[in-house]
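**Q**
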Amino acid sequence: MKARGIVTIANVWGETEAAYAKGVKRLSDSAVDAIELNLSCPNVPGEMVGQRAESARRVVRAARKVCEKPLWVKLPPDAGLEVAQAVEEEGADAVCAVNTFRAMAIDIETGKPVFERVSAGLSGPAIRPIALRIVYELASVLKIPLIGIGGITTWQDAVAFIMAGATAVQVGTANFIDPTRAIDIVQGLGRFMEEQKITNWKEVRGCAH
Ligand SMILES: Cc1cc2nc3c(=O)[nH]c(=O)nc-3n(C[C@H](O)[C@H](O)[C@H](O)COP(=O)(O)O)c2cc1C
């Protein structure tokens, strides 16, 4: 990817503070442009690091010490403002919100949960309005850039997240529906800028507040 001139951001998760730090150090020594610390993996048992300010703080502090690249911190949807502020205080360069929502399904033939661990992460358009509300709320308290994520499928969705206060957006599930969707979104954003005579996204960022 680097050989093709693509900005590359690596996402990293660890089972322990030390494992996070080890992964971050390796990535910091690599060619990636930024590191996204995933404090919100829904596929592991127990509580997520990003659900409590104290555990989030510890992991970000350990990562920050060994990270010479921009460090982004990705939060679970129910992290709350206190966690986001703790992460900011520990030196995160950006907050990414949100990861998937814990959800479940039941197979009515067997009467059992579909997923081995009972719950799994829900993503895509269904979560978009909730993710948008979370991004809006986080934008009111954070000073560092916020990267909006959650069900973004069209350029209009991306505009709404920017208007809620996001500096950038990420597109996840929509890529599985249509791998060229990100290109459509970028082109749509360009057309919107022209039509609305926007020269810099700063002009509309957070305008919904
Ligand atoms: C199949 C799949 C795998 C994912 N893997 C990761 C991951 O490794 N690390 C991470 O931080 N988020 C992961 N996510 C979460 C997404 O990056 C994103 O935060 C979430 O799906 C909401 O955005 P979306 O609705 O655009 O997909 C994954 C999501 C899906 C659907």
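Residue numbering for the sequence shown follows the working numbering, beginning at 1081 and increasing consecutively. Backbone N, C-alpha and C fix where the C-beta goes; we use that ideal spot for every residue, glycine too. Predicted model, so just to flag it, every value in this text is computed and none were measured.
Report buried or exposed for Pro1209, applying the criterion of at least 16 other Cβ atoms within 10 angstroms of its Cβ.
**A** Exposed, by the Cβ-count rule.
**Q** What does a CB cutoff of less than 7 Å around Ser1120 pick up in its chain, not counting 5 residues either side in sequence?
**A** Counting only Cβ-Cβ distances below 7 Å, and skipping sequence neighbours, we find Met1128, Gly1130, Lys1154, Leu1155, Pro1156 and Asn1179.
**Q** Return the chain-ordered list of same chain residues with a C-beta closer than 6 Å to the C-beta of Lys1105, the five sequence neighbours on each side being excluded.
**A** Hits under 6 Å: Val1146.
**Q** Quick check: is any heavy atom of ligand 1 less than 7 Å from the C-beta of Ile1232?
**A** Indeed, a heavy atom of ligand 1 lies less than 7 Å from the Cβ.
**Q** Inspect the CB distances between the stretch 1213 to 1221 and the stretch 1188 to 1202 and report whether three or more fall short of 8 Å.
**A** No: the two stretches stay apart, fewer than three of their Cβ pairs being nearer than 8 Å.
**Q** Of all the options Ser1203, Thr1260, Val1167 and Asn1255, which has the alpha carbon lying nearest to the alpha carbon of Arg1182?
**A** Checked all of Ser1203, Thr1260, Val1167 and Asn1255; the closest Cα to Arg1182 is Ser1203.
**Q** Output the boundary residues of the beta strand (DSSP E) element that contains Ala1183.
**A** Per DSSP, Ala1183 belongs to the beta strand (DSSP E) from Phe1181 to Met1184.
**Q** Mind checking which residues open and close the alpha helix (DSSP H) that includes Asn1118?
**A** No alpha helix (DSSP H) contains Asn1118, which is instead part of the beta strand (DSSP E) from Ala1114 to Asn1118.
**Q** By how many angstroms is the C-alpha of Pro1205 removed from the C-alpha of Ile1186?
**A** Rounded to whole angstroms, Ile1186 to Pro1205 spans 21 Å at the Cα level.
**Q** DSSP puts Cys1176 in a beta bridge; with which residues?
**A** DSSP, once it has assigned bridges, lists Lys1154 and Ile1227 as partnering Cys1176.
**Q** What's the gap between the Cα of Arg1138 and the Cα of Glu1097?
**A** Their Cα atoms are separated by approximately 7 Å.
**Q** So, under 8 Å CB-CB, Ala1238 and Ala1219 are touching, yes? Tell me the CB distance rounded to an integer number of Å.
**A** No, Ala1238 and Ala1219 are not in contact; Cβ-Cβ is about 15 Å, not under 8 Å.
**Q** Could you tell me the alpha carbon to alpha carbon distance between Thr1247 and Ala1166, rounded to whole angstroms?
**A** So the alpha carbons of these two residues sit roughly 20 Å apart.
**Q** Can you tell me which of the three DSSP states Asp1329 falls into?
**A** Only positions 1081 to 1289 of the chain appear in the structure, and residue 1329 is not among them; the question remains open.
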